[in-house]
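Top to bottom, those sequences are chains A and B.
Sequential numbering from 2 applies to the first sequence in the working numbering.
Sequential numbering from 2 applies to the second sequence in the working numbering.
Yeah, the Cβ is synthetic: ideal placement off N, Cα and C, and Gly gets one too.
There are 2 protein chains.
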Amino acid sequence: MKYILLVSWLFSMLIIFSCAEQIDQAEDPLPSWNDGKTKTSIVDFVNEVTNEESKNFIAVPDRIATFDNDGNLWSEQPHYFQLQFAMDRIKTLSTAHPDWQEDSLMVAVMAGDIEKILAAGQKGLMEIVMRSHTGITTDNFETVVEEWIDTATHPRFNQPYKQLIYQPMLELLDYLQSKDFKTFIVSGGGIEFIRPWAENAYGIPKDQVIGSSIKTRFNDYNGSPFIERLPQIDFIDDKAGKPVGIQKFIGRKPVFASGNSDGDLQMMQWTASNTLKSFMLYLHHTDSIREWAYDRESHIGKLDIGLDQARKKGWTVVDMKKDWKVIYPFQLDQ
Amino acid sequence: MKYILLVSWLFSMLIIFSCAEQIDQAEDPLPSWNDGKTKTSIVDFVNEVTNEESKNFIAVPDRIATFDNDGNLWSEQPHYFQLQFAMDRIKTLSTAHPDWQEDSLMVAVMAGDIEKILAAGQKGLMEIVMRSHTGITTDNFETVVEEWIDTATHPRFNQPYKQLIYQPMLELLDYLQSKDFKTFIVSGGGIEFIRPWAENAYGIPKDQVIGSSIKTRFNDYNGSPFIERLPQIDFIDDKAGKPVGIQKFIGRKPVFASGNSDGDLQMMQWTASNTLKSFMLYLHHTDSIREWAYDRESHIGKLDIGLDQARKKGWTVVDMKKDWKVIYPFQLDQ
């Protein structure tokens, strides 16, 4: 009899604790977000569409949430981190390419001369991507990215780039996942550059990462097959490419979209056109002290038409300075 | 006190029943598969790689299983079901295209003259696909597919095409999913033809369907955005395209691959090259009475080099006639 009572007591405790945990989480699913309109609008949306009694209830398979990466899940200043990866890679490869010393763009890359690189425009950037990202198997490229992401550090914060992810966005991803949203990255960056580390950093599986890609080719080399990365663009997952990428990879219109630049505008429009209730979240970089402040005039992550549309249509705009208690995870203990 | 006893008893019953169910499932996860070498090899593989004590244990994120669709998850005779869809669609559209009466291929399609259609070769098939699958928004195309799959019936079995899925493969999908494998369709068929019904038929979400695709374009038409299907091939997910599609959409090498034709051979080779223990399953159509029997000489689902490689490399070959107790779900009650 004593044993039965003990078991009953244990079960009761179990139930009480699990309820307590739920209440606790319900009280503040986004601890690094300051209380206010932004946080409330997110929580209200999630509560409404996951409530079976609501007329705006969304069934689990339709809970698709898409997130831009650069400047939205991690920083993108003073230049895209993938460009830094490309520059570092070209430096490494240059010992085998003495002819690059004759190429003014390659010389600028090896000298880290960002101004000269940006002056070379889209064509110059493409050449840098092709020289640094192709002519390698997909397996080997993954290893190269993993090594870089584990070792390269950001000059301003003296932290690995993979630490420059946004703590409040990690909480938002967790929160949505806990409410059975399937979360995807939809990035203009390279799909095979993001995948090797996104799973650990964001808890987003590789097959839920969508990005720009180059063409590849399968080879069955003497029974040791490999996939070769070719110097040709396959798909640009930016601007009008984002809805196309979403339809191609997910096959469903999102009900939640999060981005920070005009490159995300079409993803927002596509999401806003969902017949189900949807939520559009624009991150506005307003914090020149803790991160960076930039929008309409920026060469990186330009947010101009998107900001106007967001205000006009009542989409939620995150004011980084005002809405976020902390920027990066490594600042939590400080 | 009585209440406490009742609660304890209820909990005990709950535990006993849930354990009983687990044991039951462990005893026969594949009830429609006859006992024998094939079934044993599948179950042994799954047990081994999901056993944490085993040196061949595979962590959950790496449990990627890829399945061909036509002739592997559902039938593909007397011709691919998607071709029948295309023919039916052309018949529907023909009233608005009187000029098609002058086109010998379109006349053959409207008359259901399969021999003439096949005689037109790859070029003819492409034209049929373009005329039936493009010039429509992605949303509308989904509706068209849904309507067809809900109403069209297969002439031999007088059943909706969506009922001609293989009961033993449904059990295999369930079994793998219950062991935390992420299951994907990797089909030569059209990605947007499969997605509308795969979720209900197979329990595979839309974003876990990979297939051939045409190019699409995003349009923000007066604030009512749509994606338009263009008459241009984007990607052929067949033969050497399958590993490319897997790498593009999943970003991971499978540990389990299942197919039935030479079109799946490169997917098998790619899977077999995994450094983790992997399992290759070829379905051999050997049942001329209950389904169809075909392999080396077939125009549809030709299995020739694949069969030789499977035998040489010790991959598992399902003998449909011998290994399967039943073919389709609607035969379970018969």
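Proximity to residue i [Cα-Cα], best of the options
i: S259/A; options: M268/A, D305/A, K303/A and K38/A; result: M268/A
i: L340/B; options: L171/B, A241/B, F250/B and K254/B; result: Not covered by the structure: residue 340/B. The range shown for chain B is 2 to 335.
i: N275/A; options: I234/B, K40/B, L333/B and I228/B; result: I228/B
i: S163/B; options: T152/B, L173/B and P169/B; result: Looking at the sequence itself, residue 163/B is Lys, so the reference to Ser does not match. Ranking T152/B, L173/B and P169/B by Cα distance to K163/B puts T152/B first.
i: D36/A; options: Y329/A, F331/A and K322/A; result: K322/A
i: A273/A; options: T138/A, I65/A, K56/A and E28/A; result: I65/A
i: I234/B; options: K243/B, F250/B, K240/B and K216/B; result: K216/B
i: I251/B; options: I211/A, K313/A, S262/A and L94/A; result: I211/A
i: Q83/B; options: T154/B, Y203/B, N57/B and T287/B; result: T154/B
i: D29/B; options: D175/B, D114/B and D69/B; result: D175/B
i: D288/A; options: H300/A, Y329/A and A311/A; result: Y329/A
i: W34/A; options: L304/A, L173/A, D71/A and F185/A; result: L173/A
i: P79/A; options: D100/A, I59/A, E116/A and K92/A; result: E116/A
i: I247/B; options: R218/A, I59/A and G122/A; result: R218/A
i: A60/A; options: V47/A, G204/A and G72/A; result: V47/A
i: F58/A; options: W198/A, E292/A and F182/A; result: F182/A
Alpha carbon of residue i to alpha carbon of residue j, nearest angstrom
i: L74/B; j: Q209/B; result: 15 Å
i: S42/B; j: H285/B; result: 16 Å
i: D45/B; j: F280/B; result: 11 Å
i: E128/A; j: N52/B; result: 47 Å
i: W316/A; j: L282/A; result: 6 Å
i: I24/A; j: E49/A; result: Here the model assigns I24/A a pLDDT of 44, short of 50, so the residue's position is not dependable, and the following value carries that caveat. Answer to the nearest angstrom: the Cα atoms are 17 Å apart.
i: R253/B; j: I237/B; result: 19 Å
i: A294/B; j: L277/B; result: 34 Å
i: G190/B; j: E77/B; result: 11 Å
i: S214/A; j: Q102/B; result: 42 Å
i: P156/A; j: I290/A; result: 16 Å
i: D63/B; j: V256/B; result: 7 Å
i: S133/A; j: A109/A; result: 14 Å
i: D324/B; j: Q168/B; result: 12 Å
i: A87/B; j: S55/A; result: 40 Å
i: V187/A; j: K249/B; result: 14 Å
i: V245/A; j: K313/B; result: 42 Å
i: S262/B; j: I192/B; result: 19 Å
i: K326/B; j: P206/A; result: 37 Å
i: G136/A; j: V130/A; result: 11 Å
i: Y222/B; j: W271/A; result: 11 Å
i: S225/A; j: G307/B; result: 17 Å
i: N201/A; j: L165/A; result: 14 Å
i: R297/B; j: A97/B; result: 41 Å
i: E22/A; j: K180/A; result: Per-residue confidence for E22/A stands at a pLDDT of 45, beneath the threshold of 50, marking its modelled position as unreliable; no derived number is given.
i: D69/B; j: M111/B; result: 29 Å
i: L94/B; j: R230/B; result: 16 Å
i: E148/A; j: K240/B; result: 32 Å
i: D320/A; j: K243/B; result: 44 Å
Per DSSP, cross-strand counterpart(s) of residue i
i: M281/A; result: A258/A
i: P161/B; result: T154/B
i: Y295/A; result: H286/A
i: F414/B; result: The question about residue 414/B has no answer, for chain B in this structure spans 2 to 335.
i: E386/B; result: No statement about residue 386/B is possible, as the shown extent of chain B runs from 2 to 335 and does not include it.
i: V44/B; result: Answer is none; V44/B lacks a bridge partner.
i: I65/A; result: K183/A
i: W75/A; result: D71/A and I166/A
i: F236/A; result: S214/A
i: T317/A; result: L282/A
i: W325/A; result: W34/A
C-beta neighbour in chain C for residue i, strict 8 Å
i: F86/A; result: No chain C is present in this structure, whose protein chains are A and B.
**OP:** Give the residues from the stretch 305-318 of chain B that approach chain A closer than 8 Å (Cβ to any Cβ), ordered along the chain.
**Re:** none
**OP:** Select from the stretch 244-266 of chain B all residues with a C-beta closer than 7 Å to any C-beta belonging to chain A, and list them in chain order.
**Re:** P244, V245, Q248, K249, F250, I251, G252 and R253
Original post:
Using a Cβ cut-off of 8 Å, which residues of the stretch 190-212 of chain B contact any Cβ in chain A, in chain order?
Top reply: I192, E193, R196, E200, P206, K207, D208, Q209 and V210
Subject >> Within 7 Å of chain B by C-beta, residues of the stretch 231-244 of chain A in sequence order >> reply: A241 and P244
**OP:** Select from the stretch 34-62 of chain A all residues with a C-beta closer than 9 Å to any C-beta belonging to chain B, and list them in chain order.
**Re:** P62
**OP:** Just list the beta strand (DSSP E) runs in the stretch 175-225 of chain B, keeping only unbroken ones of 3 residues or longer that don't cross its boundaries, in chain order.
**Re:** 183-191 and 210-222
**OP:** Could you list the residues in the stretch 168-186 of chain B with a C-beta less than 9 Å from some C-beta on chain A, going in chain order?
**Re:** K183 and F185
Original post:
Of the residues that make up the stretch 149-160 of chain A, which ones have a beta carbon closer than 9 Å to any beta carbon in chain B?
Top reply: none
**OP:** For the stretch 273-296 of chain B, enumerate the residues whose C-beta is nearer than 8 Å to any C-beta of chain A, in chain order.
**Re:** S274
Original post:
What are the residues of the stretch 114-145 of chain B that lie near chain A, defined by any Cβ-Cβ distance shorter than 9 Å?
Top reply: T139, D140 and E143
Original post:
Closer than 9 Å, Cβ to any Cβ of chain B: which residues of the stretch 213-226 of chain A, in chain order?
Top reply: S214, K216, T217, R218, F219, N220, D221, G224, S225 and P226
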